[in-house]
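One structure is given below, encoded as structure tokens.
Protein chains: 2
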Amino acid sequence: MSRRTVTISEVAKHAGVAVSTVSYVLSGKRTISADTRRRVLDSITALGYHPNAGARALASKRSNVIALVLPLRAGMHVPVLMRFASAVVTAARRFDHDVLLLTADEGTAGIRRVAASALVDALVLMDVELDDRRVPLLRELAEPSVLIGFPAEPAGLTCVDLDFHAAGARCVEHLAERGHEEIALLGAPSVVYDRGTGFATRTREGFEAAVADHGLKGVALPCEETFDEVYETVRDLLLDHPGLSGLVVHNEAAVGHVLAALRQLDRRVPHDVAVVAICPDDVAERASPPLTSVLIPAEEVGREAVRLVMDKLEGRSVPDSTLLAPLLAVRSST
Amino acid sequence: MSRRTVTISEVAKHAGVAVSTVSYVLSGKRTISADTRRRVLDSITALGYHPNAGARALASKRSNVIALVLPLRAGMHVPVLMRFASAVVTAARRFDHDVLLLTADEGTAGIRRVAASALVDALVLMDVELDDRRVPLLRELAEPSVLIGFPAEPAGLTCVDLDFHAAGARCVEHLAERGHEEIALLGAPSVVYDRGTGFATRTREGFEAAVADHGLKGVALPCEETFDEVYETVRDLLLDHPGLSGLVVHNEAAVGHVLAALRQLDRRVPHDVAVVAICPDDVAERASPPLTSVLIPAEEVGREAVRLVMDKLEGRSVPDSTLLAPLLAVRSST
DNA sequence: GCCGGTCGTCGAAGCGCTTCGACACTCTCA
DNA sequence: TGAGAGTGTCGAAGCGCTTCGACGACCGGC
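Chains A and B, in that order, give the protein sequences. Numbering-wise, my numbering comes out as the position in the first sequence, counting from 1, plus 94. Numbering-wise, my numbering comes out as the position in the second sequence, counting from 1, plus 94.
Structure (structure tokens):
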């Protein structure tokens with residue numbers, strides 16, 4: 095039965111020490127003799143003591159909570175977002191922090207509110223747009239923050255992401271190595287480009303640069319996410335480019351449809367058309383055939399974002415930009 | 095520029111009143127003259143005051159934060175979970191509460207921790223299993239909580255969910271009305287049944303009961319989520335049941351594969367096989383053809399869960415069980 | 001044998017807020 | 001006209017914790 099709440103002074107009394115001693119045992123900010131430490135720790139478990147979060151936050155000016163700002167916008171692939179989110183939560187816990195979930199309905203007001211009320215110590219923003227309304231606010235707030243993704247003007251901000259430019263290029267390179275000469279990129283839904291979401295654009299730029307470098311013919315198209323639209327896009331693409339033999343797909347939601355469309359159009363993968371995806375590993379593995387892919391290292395990005403945030407909280411200096419190198423896993427689709 | 099933090103006593107000084115008066119203006123717990131209220135409110139905006147969350151929590155024993163416990167387990171359809179989560183956040187904000195995100199890695203320890211440290215006032219648990227490890231803990235903790243979903247032993251707990259039993263039955267009823275006599279249910283992946291997740295089982299029971307009631311022939315199968323597995327399942331199903339003309343699909347992730355498989359097996363929807371899905375509206379609408387479906391009212395469930403939690407926090411009594419009636423939307427697949 | 005330096009511990013002062021009791025006032029209504 | 005009942009406001013006492021300065025006790029070096 096959950097007894098009424100146990101306070102630090104009860105622990106102190108039980109262990110026969112001062113309140114401050116208990117506090118120092120817990121924080122390790124002053125040296126405590128092994129013997130005293132033992133007694134305090136024993137009392138803590140005996141009484142089932144848990145520090146009160148509010149009191150701690152008030153006294154220490156640290157809430158040990160970070161905000162995760164997750165817009166949940168149209169066109170975003172939710173499972174990927176959730177992997178980031180989940181990674182952030184797990185990583186935060188390793189630093190003894192919890193995660194407050196902020197969605198977009200409140201707009202920037204939510205960010206302002208949690209920062210001003212000291213509810214959180216720092217912010218992690220996901221799904222950053224090139225021209226993101228939250229960015230000017232961040233500059234104004236001076237609250238430690240890390241962006242997952244890059245805005246157009248990242249100067250002075252801390253950003254982390256997969257190096258999508260390199261990822262796009264890596265896919266092209268792989269297809270070039272395999273001898274393909276005419277290839278296409280199927281990207282995000284056009285709404286995502288219109289919004290100027292960075293990762294979509296950067297992949298396309300990487301794709302185009304590598305196509306030029308390798309002297310290939312290449313075309314980049316947005317790609318919607320219903321089967322019928324995908325089917326049409328693929329059909330038209332094959333019609334317009336009879337020589338096309340390689341496909342880069344950067345759209346988790348559409349990747350299954352693309353394969354289904356190829357199947358229906360009687361193109362064998364990889365025999366007639368080779369496919370490289372940029373997507374999480376499990377999506378690539380579960381496709382048929384399993385796809386050669388550049389994985390989106392959601393766990394790593396989330397972990398890195400938290401590490402950066404913690405560094406900033408501790409006053410350590412951090413790099414403005416952290417780009418994780420793309421890693422290509424070859425499977426049966428190329 | 096974010097000035098250093100403004101406190102209530104500065105507001106009080108600025109408005110020429112006592113600190114407690116400012117507090118009462120904010121909380122409305124005592125009557126304040128219109129004139130004083132105005133002056134205080136003006137000072138608050140003039141100084142840009144935001145109450146400190148920690149101090150408030152300490153003094154009032156209320157953090158104005160609720161925990162959302164989101165296991166993120168295998169086999170769960172993430173986009174649906176996120177719609178619940180998003181609805182919970184939005185609803186919580188309407189009650190001036192924030193949401194702390196708890197995932198499963200910590201197991202029950204996380205729940206215990208946030209409750210004991212008074213980090214949160216209440217808990218909302220998602221994706222509840224029939225035999226859920228978190229349930230005994232809830233009984234022990236005496237922290238206000240609401241479950242989204244039903245455990246095997248819900249006595250004394252507050253649960254809210256779509257009435258999946260009725261939903262399964264409703265789909266059968268609809269197919270019966272359309273004259274189908276032999277039908278099948280394609281449900282969640284078998285791992286979900288094995289785990290004893292309530293909603294999957296309850297849908298099947300509703301399906302089976304209604305099949306019996308209407309004197310139909312019906313079979314219920316689990317359904318995995320890769321195209322190849324779905325294809326096999328559908329193919330075998332049609333082989334084993336040549337007279338089968340109606341399908342109920344309760345698996346968002348597989349629904350697209352089921353349609354693709356039918357297409358590949360040369361069965362026209364709804365001409366040869368009618369399909370009813372239990373899934374969110376947008377999934378049903380984006381399928382081709384658009385699916386007749388019982389929608390999963392994620393927003394409504396989330397909202398209801400928060401309402402119940404707030405009622406409990408205010409000491410109002412709430413019903414143990416809240417079942418939302420299923421609503422069937424007829425589209426082109428039946 | 002005395003001095004300066006750790007080391008380990010304590011007490012007390014807040015952190016910024018809510019809330020309780022008290023205290024003027026101003027209205028009633030007998 | 002005065003007792004009683006509101007109103008509107010104030011001051012002060014915490015809420016449970018961290019942190020700062022202080023202070024013995026003990027150490028080695030001269």
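Cβ atoms here follow ideal geometry from the backbone N, Cα and C, with glycine treated the same way.
Burial state of residue i (16 or more Cβ within 10 Å)
| i | result |
| --- | --- |
| B/Ser96 | Legend: pLDDT at B/Ser96 = 45, less than 50; position of this residue unreliable, no value from coordinates given. |
| B/Asp225 | exposed |
| B/Val285 | exposed |
| A/Glu408 | exposed |
| B/Asn195 | Position check: residue 195 of chain B holds Leu in this sequence, whereas Asn was assumed. Buried. |
| A/Asp159 | For the record, residue 159 of chain A in the displayed sequence is Val; it is not Asp. Flag for A/Val159 reads buried. |
| B/Glu237 | buried |
| A/Gly122 | exposed |
| A/Arg410 | exposed |
| A/Leu378 | As written in the sequence, residue 378 of chain A is Ala, which differs from the Leu given in the question. With 16 or more Cβ atoms within 10 Å of its Cβ, A/Ala378 is classed as buried. |
| A/Val188 | In the sequence as presented, Val is not what sits at residue 188 of chain A; that position holds Arg. Exposed is the call here. |
| A/Ser154 | exposed |
| B/Arg298 | buried |
| B/Gly292 | buried |
| B/Arg380 | buried |
| B/Ala246 | exposed |
For residue j and residue i, believed in contact at Cβ under 8 angstroms, the rounded distance
| i | j | result |
| --- | --- | --- |
| B/Ala278 | B/Gly300 | The Cβ separation is near 14 angstroms, so there is no contact. |
| A/Gly281 | A/Pro316 | 5 angstroms |
| B/Glu319 | B/Ala347 | 4 angstroms |
| A/His351 | A/Val324 | 4 angstroms |
| B/Gly337 | B/Glu276 | 4 angstroms |
| A/Leu166 | A/Ala203 | Rounded, the Cβ-Cβ distance is 16 angstroms, inconsistent with contact. |
| A/Ala185 | A/Leu162 | With 8 angstroms as the limit, A/Ala185 and A/Leu162 do not qualify as a contact, their Cβ atoms being about 11 angstroms apart. |
| B/Leu310 | B/Ala371 | That belief does not hold up - the Cβ atoms of B/Leu310 and B/Ala371 are roughly 18 angstroms apart, past 8 angstroms. |
| A/Gly142 | A/Val100 | 6 angstroms |
Chain-ordered chain A contacts of residue i [CB-CB under 8 angstroms]
| i | result |
| --- | --- |
| B/Arg380 | Glu319, Thr320 |
| B/Met176 | Leu166, Val172, Leu175, Met176 |
| B/Leu385 | Near B/Leu385 there are no residues of chain A at all, since even the closest Cβ is about 12 angstroms away, more than 8 angstroms. |
| B/Ala216 | Near B/Ala216 there are no residues of chain A at all, since even the closest Cβ is about 14 angstroms away, more than 8 angstroms. |
| B/Leu251 | The contacting residues do not exist; B/Leu251 stays about 16 angstroms from chain A at best. |
| B/Ser157 | Ala147, Gly148 |
| B/Leu162 | Leu195 |
7 angstroms CB neighbourhood of residue i in its chain, flanking five on each side removed
| i | result |
| --- | --- |
| B/Ala399 | Val182, Val218, Val240, Ile242, Val254 |
| A/Ala419 | Asp257, Ala260 |
| A/Arg272 | Ala368, Thr428 |
| B/Arg264 | Val388, Pro420, Leu422 |
| B/Thr130 | Val111, Thr115 |
| A/Ser157 | Ala151, Ala212, Leu213, Val214, Asp215 |
Cutoff 6 angstroms; reference residue i; Cβ partners in own chain excluding five residues on either side
| i | result |
| --- | --- |
| A/Tyr118 | Arg124, Ile126 |
| A/Leu341 | Ala278, Val367, Val369 |
| A/Arg425 | Pro384, Leu385, Thr386 |
heavy atom of the ligand NAD below 7 angstroms from residue i C-beta
| i | result |
| --- | --- |
| A/Asp366 | For the structure depicted, the ligand NAD is absent and the ligand set is empty, with no information on it obtainable. |
Closer than 8 angstroms at the beta carbon, the chain B residues around residue i
| i | result |
| --- | --- |
| A/Arg187 | Asp199, Glu200, Gly204 |
| A/Asn146 | Leu152, Ser211, Ala212 |
| A/Ala354 | Phe321, Ala354 |
Cβ neighbours of residue i in the same chain (closer than 8 angstroms, five flanking residues each side left out)
| i | result |
| --- | --- |
| B/Ser382 | Leu353 |
| A/Val412 | Thr252, Leu402, Asp405, Lys406 |
| B/Asp414 | Pro248, Ala249, Gly250, Leu251, Thr252, Cys253 |
| B/Gly374 | The amino acid at residue 374 of chain B is misidentified as Gly; the sequence shows Pro. Result list for B/Pro374: Pro173, Val174, Arg177, Glu346, Leu389, Ile390, Ala392, in chain order. |
| A/Ser103 | Val113 |
| A/Glu267 | Ala304, His308 |
| B/Asp190 | Asn158 |
| B/Arg329 | Ala355, Leu359 |
| B/Val395 | Phe178, Ala181, Ile242, Val254, Asp255, Leu256, Leu418 |
| B/Ala314 | Ala278, Leu279, Gly281, Arg298, Phe301, Glu302 |
Chain A residues whose Cβ lies nearer than 9 angstroms to that of residue i
| i | result |
| --- | --- |
| B/His274 | The contacting residues do not exist; B/His274 stays about 25 angstroms from chain A at best. |
| B/Thr184 | Thr197, Asp199, Glu200 |
Residue i: contacting residues in chain A (beta-carbon distance under 7 angstroms)
| i | result |
| --- | --- |
| B/Ala149 | Leu152 |
| B/Ser415 | The premise fails here: B/Ser415 is roughly 24 angstroms from chain A at the closest Cβ pair, so nothing lies under 7 angstroms. |
Partners in chain B for residue i, counting only beta-carbon separations shorter than 9 angstroms
| i | result |
| --- | --- |
| A/Arg207 | His144, Asp192 |
Stretch pair the region 223-238 of chain A + the region 203-210 of chain B: three plus CB contacts closer than 8 angstroms
Because the criterion of three Cβ pairs below 8 angstroms is not met, the region 223-238 of chain A and the region 203-210 of chain B do not touch.
Cβ contact (3+ pairs, closer than 8 angstroms) linking the region 106-115 of chain B and the region 134-142 of chain B:
yes
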